[in-house]
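**Student:** If you scroll down you'll find the structure; I have some questions about it.
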DNA sequence: CAGGATCCTCGAAGATACTG
DNA sequence: CAGTATCTTCGAGGATCCTG
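Okay, structure coming up:
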């Protein structure tokens, strides 16, 4: 986009976020990380997701090679499974710093 | 939210994403990870961000204890710096799997 | 059951202009 | 320089109804 990459706007971390930074992708990946699942299983396992968003999220993940579909059953591809480590990093950070986050928010509120 | 946490909708990974999953937070964190910076420095270092979004993002990060402000200079807190590892994981995954991602997308396009 | 099609809302983000 | 204030657009995501 820009003349040089002196700018950070196209930081590679954002590539990953573009893939899983939306509301549901990470949750779907975690659910499929447990094991392959049928559409209806995913709906109740995840909870709170609409059918529209589940379908849409699965298709997006499929287009990007993270999920493969066979009949109504979805599973992570190897590429998708490789994301579980990243998701773990996200979750690990949140759990590790729960207290610090609550402190920070309450001291401003 | 739900009766039990049998559902994944409140997956802890989403806590982190709620913090840095937006368009600019990660980029600001990376820029401040290099060193503390003034507002105007951030604007040109990042590139493509509007003043409104920079201010807004900085304030959000400050509210959550990730960034501290002194005069017009912003810096990461320890909590903020602890996120650099997570950001690295995101960026690392993207760089490691660039080819696989391009393949997947082109084979569907 | 596994979706697709439609309509609607709401907030993220940009553009622009103004201020101490 | 370091913001604040407005206006607007655009798309994510929910709700509802329809279908093989």
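Chains as they are written, first to last, in my numbering: chain G, 1 to 109; chain D, 1001 to 1109.
For glycine and all other residues, C-beta sits at the position ideal for the given N, C-alpha and C.
Note that this is a predicted model, so its numbers are computed, not measured.
#1: Whole angstroms is fine: what's the gap from residue 103 of chain G's alpha carbon to residue 1077 of chain D's?
#2: State yes or no: is the C-beta of residue 1028 of chain D within less than 8 Å of the C-beta of residue 1058 of chain D?
#3: Give the range of the alpha helix (DSSP H) segment to which residue 1067 of chain D is assigned.
#4: By the criterion of Cβ-Cβ separation under 8 Å, what are the contact partners of residue 83 of chain G in chain D?
#5: Just reading off the beta strand (DSSP E) that residue 1075 of chain D is part of, what are its end residues?
#6: Identify the contact partners of residue 35 of chain G in chain D, using a Cβ-Cβ distance below 8 Å as the criterion.
#7: Does residue 65 of chain G have its Cβ less than 8 Å from a Cβ in chain D?
#8: So if DSSP puts residue 38 of chain G in a beta bridge, which residue, or which two residues, is it bridged to?
#9: If you draw a straight line from the C-alpha of residue 101 of chain G to the C-alpha of residue 1038 of chain D, how long is it?
#10: Please determine, among G:24, G:64, G:68, the residue with the shortest C-alpha to C-alpha distance to residue 47 of chain G.
#11: So what does DSSP say about residue 25 of chain G, is it helix, strand or coil?
#12: I need the DSSP call for residue 97 of chain G, collapsed to helix, strand or coil.
#13: Of all Cβ atoms in chain D, is any one closer than 8 Å to the Cβ of residue 45 of chain G?
#14: Between residue 79 of chain G and residue 96 of chain G, what straight-line distance do the alpha-carbon atoms span, to the nearest angstrom?
#15: At which residues does the alpha helix (DSSP H) containing residue 18 of chain G begin and terminate?
**Tutor:** If we stick to the structure as given:
#1: One C-alpha to the other measures close to 13 Å.
#2: By the CB criterion at 8 Å, residue 1028 of chain D and residue 1058 of chain D fall inside the cutoff.
#3: Segment 1067-1070 is the beta strand (DSSP E) holding residue 1067 of chain D; no alpha helix (DSSP H) there.
#4: Neighbours of residue 83 of chain G in chain D, taken as residues whose beta carbon is under 8 Å from its own, are 1093 in chain order.
#5: Run containing residue 1075 of chain D: 1073-1076, per the beta strand (DSSP E) assignment.
#6: Within chain D, no C-beta atom comes less than 8 Å from the C-beta of residue 35 of chain G; the nearest is roughly 13 Å away.
#7: Closer than 8 Å to the CB of residue 65 of chain G there is at least one CB belonging to chain D.
#8: Looking at the DSSP assignment, residue 38 of chain G forms a beta bridge with G:73.
#9: C-alpha separation (whole angstroms): 24 Å.
#10: Among G:24, G:64, G:68, the Cα nearest to that of residue 47 of chain G is on G:24.
#11: Note: residue 25 of chain G maps to helix in three-state DSSP.
#12: Coil.
#13: Cβ-Cβ to chain D under 8 Å: yes for residue 45 of chain G.
#14: Distance between the alpha carbons of residue 79 of chain G and residue 96 of chain G is about 27 Å.
#15: Unbroken alpha helix (DSSP H) run through residue 18 of chain G: 12-20.
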